[in-house]
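Residue numbers (full-length UniProt numbering), protein chains in the order written: chain C, 1 to 405; chain L, 1 to 381; chain F, 1 to 127.
Quick reminder that beta carbons are idealized off the backbone N, C-alpha and C, glycines included.
Only a predicted model underlies this, so the values are computations on that prediction, with no experimental measurement involved.
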Amino acid sequence: MSERKPIYLDYSATTPVDPRVAQKMIPYLTEDFGNPASRSHPYGWTAEQAVENAREEVARLVHADPREIVWTSGATESNNLAIKGAAHFYASGKGKHIITSATEHKAVLDTVRELEREGYEATYLQPEADGLIDIEKFKAAIRPDTVLASIMLVNNEIGVVQDIEALGNVCRANNVIFHVDAAQATGKVEIDLEKLPVDLMSFSAHKTYGPKGIGALYVRRKPRIRIEAQMHGGGHERGMRSGTLATHQIVGMGEAFRIAREEMASENERIRALRDRLLKGLLQIEETYVNGDLDHRVPHNLNVSFNFVEGESLIMAIKDIAVSSGSACTSASLEPSYVLRALGRSDELAHSSIRFSIGRFTTEADVDYTIELLKSKIGKLRELSPLWEMFKDGIDLSKVEWAEH
Amino acid sequence: MNTVYFDHNSTTALKPQVLQAMLPWLSQTAGNATSRHVYGRNVRDAVETARKQIAECVGVQASQVVFTSGGTEANNFAIKGIAANLAPTQLLVSAIEHPCVSRPAQSLAWHGWKVQSIGVDDQCVLDLADAAQKLSTRTGLVSVMLANNETGAIQPIAELAKLAKAQDALLHTDAVQAFGKLPVDFGALGVNAMTVSSHKIGGPVGVGALILDKRVDIAPLLHGGGQERGLRSGTENVAAIVGFANACELAAASLKTRSETQAKLREQLETGLQRLNAVIFGQQAQRLPNTSFFAIPNIEGETLVTALDKAGYAVASGSACSSDSTEPSHVLLAMGVDADVARGAVRVSLGEHNTEAEIQGFLQALQQEVKRLKGLSAVAA
Amino acid sequence: MAYSDKVLDHYENPRNVGSLDKNDPTVGTGMVGAPACGDVMKLQIKVNDAGVIEDAKFKTYGCGSAIASSSLVTEWLKGKTLDQAQEIKNSAIAEELALPPVKIHCSVLAEDAIKSAIADLRAKQGK
């Protein structure tokens, strides 16, 4: 391909596989290829040992017991398994009401909607303008029949970090099962499940420099949380999730989480410096708005709206960098990001938002190039924009009567 | 490991060419298929190319292929997903299905389905008369595997499809064991849904597909970002998908010569087994050419498998997923095999690279172990 | 979504970007669309005494196809009489730019902008 590869600033969509992870995976694709469920020959034993070592690595990153880790095909499956699995198991004892937030990943929202179709009721909490859930509103949403709450640790679009400990304590006090989608959190924030009052937590490998197609669900043992399996079969993973384990992918996830544990502190410091540099540069552009709280936020994420330019033309203009407008999973459609809408952003500002996500292989030069590119392209698009012209003429755009279609 | 691998129905080694096809997608540059930039586009293109390749291998259009995390998920998706959009009636599965078909089927009993089993004859072939009789009760869905994983017996799916169609019942077939070992044409089989898997044909573990008749209304098992046209959410496992497609093409290309070679090797094996007075299960049936399932009278399968492992031969005592348990194979019991005989069952499943010499060595080792174990049991008795 | 080379060309090198004096009696201004819909087009035409369009300028807030559609019509408008300009159809714009179905509305908006600019001019000139 003659096309020069753009600078990758879309680490929240997926991360490249760390070369160390790939190296560790390859032997399990070739010589050590056994089925870990084959108990009768050493091909199976080697695979099983590798799977258990990886389980331990995943557990160590989040201070869990390896027996609390269930392998899945990814965070989407983990979220489906946790939410449907716990709701189905506990509904008869507790009730059929679920609490989640409007800014969750689609894998949570769509799963909750599916439960609504089955006869459950759901409350979708609106976050504050900074993207954070108000603890009092969360408390107020709890009903006697609330069986489960699902709140993400780190938001995929705006990177804000929810106060999981406080939310979890509310759940504990009210006997509500608490699920946390941590797909965007591993390697970015400290997670200590010995302390956090969380019952179920979803993980993904490919957001943390591991391979795609593998994830895990944490299922607390003390007090024991039960879930109804969503995939039935050979009874793998203690009956919670059947299906032949993909040893090489599991090994990759284990290695990725080991690296995350060992390097997180220094890596986050470096990434924070890059993000602050990017933020400073972009804020030099007039009429630029940061989406989401800046303090309760992972250093990897910067989500910015550029007023008076249209989102799609902006994406076209900056194709020398690979970024997202809205969540990766929805960016094929032209709808404005539902996360930014939930924060109360106008359609225009939601449309003209860009998510920059920084990661392990981002350099200072990448950031500087990005700042210059945005400055020049935003300038050019605003030259083209009748809205910018009106704004500069002092016209209040909200008062204009538009000839809408 | 110097072990000779005779357990290809459990899982197969990844082909070196497949690994080469996968490596670029395990490297630094792979994006998320839903992203709009070039990284995402490249992944999307690779996934769609793979989809076309697999579609061609089973004679369907690309849009009929839904990728999953493997055969288990595809079977669960087929059974639960199709049933979810039908009014509960009767659900028929054969008595020899893999648990990842029979267990989701059983789970539907909670949702008002009447789950019934179709029997097999003593050669492990579906009893079509039983099927026809049960289909006279209103039936929404039928699921019968294309070839049995333990005996290798091939099932009369095309005939069953005609019976099901006449009664307006949808038919799913789990083709995980047959795919890559037999020519598999979705249209010719006349089924409405079919499961295929990658790691049984030299592709990577962790990917499979459900092939769907376009008229089938199926509900997703996994909800979320709306990938796979809303039928299966979750970030596409591009490396595995590319590997799967590559393995499909290689398997299709080598199918004919491989089948012939394996049939000869199996004949060599079974001639030897008969000299040891082995019972060969389903021998009169049309079988996958690589599979032989047998028992030596009065020798426990698990014991024999362990002994053979020490002698350097990896074989299975039943299907891998159930080798945890010491229950006799449900497949053999369905065939009417006596439980004591069934406990002796050992499966040899051949792969592309097994040789005459390996079979010969295996037969010698087997003979020695049988002699030794019989001696032991004589002493114990 | 793949854009045609023509869309890309107009997007990269938009023709006739700018503004004319909207109070000039020989200038007609059309503004169509709404920010909330993702497209706003401002199109201006200037006619000479013979009633022929001698200049056209645009500014567009919108996607690449919207920018290309408005850039293209400014080229087409120059040298046309108002009656000829009135005849420009969105289908011709869509065809010229090879717009995909989801982008046809951009060409519709461009046609509306022409009509709106002509109407404004005629109103001004009392015709």
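Buried or exposed, going by whether 16 or more other CB atoms sit within 10 Å of the CB of Asp-10/C? buried
What residue ranges within the stretch 21 to 105 of chain F form continuous alpha helix (DSSP H) runs of no fewer than 4 residues, ordered along the chain? 64 to 77, 82 to 86, 90 to 97
Kindly indicate which three-state DSSP category Ile-211/L falls into: helix, strand or coil? strand
Would you identify the three-state DSSP class for Lys-5/C, choosing helix, strand or coil? coil
Using the Cα positions of Met-201/C and His-10/F, report the straight-line distance between them to the nearest angstrom. 49 Å
Taking CB distances under 8 Å as the criterion, tell me whether Gly-379/C reaches chain L. no
Would you please verify whether the beta carbon of Thr-291/L is less than 8 Å from any beta carbon of chain C? no
For a cutoff of 8 Å on Cβ pairs, would you count Ser-337/C as touching chain L? no
Unbroken alpha helix (DSSP H) runs of length 4 or more, entirely within the stretch 72 to 152 of chain C: which are they? 75 to 94, 106 to 117, 135 to 141
Looking at the unbroken beta strand (DSSP E) that takes in Phe-67/L, where does it start and where does it end? 65 to 68
For Gly-131/C and Ser-305/C, what's the separation of their Cα atoms in angstroms? 15 Å
Could you please tell me which residues of the stretch 36 to 47 of chain F, in chain order, have their CB closer than 7 Å to any CB of chain C? Ala-36, Cys-37, Gly-38, Val-40, Lys-42
Helix, strand or coil for Gly-140/L? Go by DSSP, reduced to three states. strand
Would you please verify whether the beta carbon of Ser-19/F is less than 8 Å from any beta carbon of chain C? yes
Scan the stretch 43 to 74 of chain L for residues whose Cβ lies nearer than 7 Å to a Cβ of chain C and list them as they occur along the chain. Ser-69, Gly-70, Thr-72, Glu-73
Which of the residues in the stretch 360 to 386 of chain C, read from start to end, lie with their CB under 7 Å from any CB of chain F? Glu-383, Leu-384, Ser-385, Pro-386
By a C-beta neighbour count over all protein chains shown, 10 Å radius and 16 as the cutoff for buried, is Leu-370/L buried or exposed? Before going further, note that residue 370/L is Val rather than Leu in the sequence given. When all chains shown are included, Val-370/L counts as buried.
Taking only runs that begin and end inside the stretch 130 to 180 of chain L, name each unbroken alpha helix (DSSP H) of 4 or more residues, in chain order. 157 to 166
With a cut-off of 8 Å, does the C-beta of Asp-347/C fall near any C-beta of chain F? yes
At a CB distance below 8 Å, what residues from the stretch 301 to 313 of chain C approach chain F? Give them in sequence order. Phe-308, Val-309, Glu-310, Gly-311, Glu-312, Ser-313
I think Val-154/C touches Val-112/C, with their Cβ atoms under 8 Å apart; what is that distance to the nearest whole Å? At roughly 19 Å, the Cβ-Cβ gap does not stay under 8 Å, so Val-154/C and Val-112/C are not in contact.
Looking only at its own chain, which residues have a Cβ that is under 7 Å from the Cβ of Leu-29/C, when we skip the five neighbours before and after it? His-248
Which residues in the same chain as Val-242/L place their Cβ atom closer than 7 Å to its Cβ, once the five residues preceding and following it in sequence are excluded? Ala-21, Met-22, Trp-25, Ala-46, Ala-50
Straight-line gap, Val-341/L to Glu-267/L (C-alpha atoms, nearest Å): 22 Å
What separation, rounded to the nearest whole angstrom, lies between the Cα atoms of Ile-142/C and Ala-161/L? 51 Å
Between the stretch 172 to 188 of chain C and the stretch 257 to 271 of chain C, do three or more beta carbon pairs fall short of 8 Å? yes
Neighbouring residues, chain C, relative to Cys-100/L (Cβ below 9 Å): Met-231, His-232, Gly-233, Gly-234, Ser-242, Gly-243
Would Ala-342/C pass as an interface residue toward chain F - the criterion being a Cβ-Cβ separation below 8 Å? no
Is it buried or exposed for Gln-284/C, if we count other Cβ within 10 angstroms and need 16 for buried? exposed
Apart from the five residues on each side of it in sequence, which residues of its chain come closer than 8 Å, Cβ to Cβ, to Ile-135/C? Asp-163, Ala-166, Leu-167, Val-170
Please report the residue range of the beta strand (DSSP E) in which Gly-114/L lies. In the sequence on display, residue 114/L carries Lys and not Gly. Looking at the DSSP string, the run of the beta strand (DSSP E) that includes Lys-114/L is 114 to 118.
Write down every uninterrupted run of the beta strand (DSSP E) in the stretch 369 to 399 of chain C whose length is 3 residues or greater and which is fully enclosed by it, in chain order. none
Check whether chain C comes within 8 Å of Thr-60/F, counting only Cβ atoms and requiring the distance to be less than that. yes
Using a Cβ cut-off of 8 Å (strictly closer), state whether Arg-347/L contacts chain C. no
When you compare the CB positions of Ala-210/L and Thr-68/L, do they come within less than 8 Å of one another, or not? It should be pointed out that residue 210/L corresponds to Leu in this sequence rather than to Ala. In this structure, Thr-68/L lies closer than 8 Å to Leu-210/L by Cβ.
Element boundaries [alpha helix (DSSP H), containing residue 190/F]: Since the first and last residues shown for chain F are 1 and 127, residue 190/F lies out of range.
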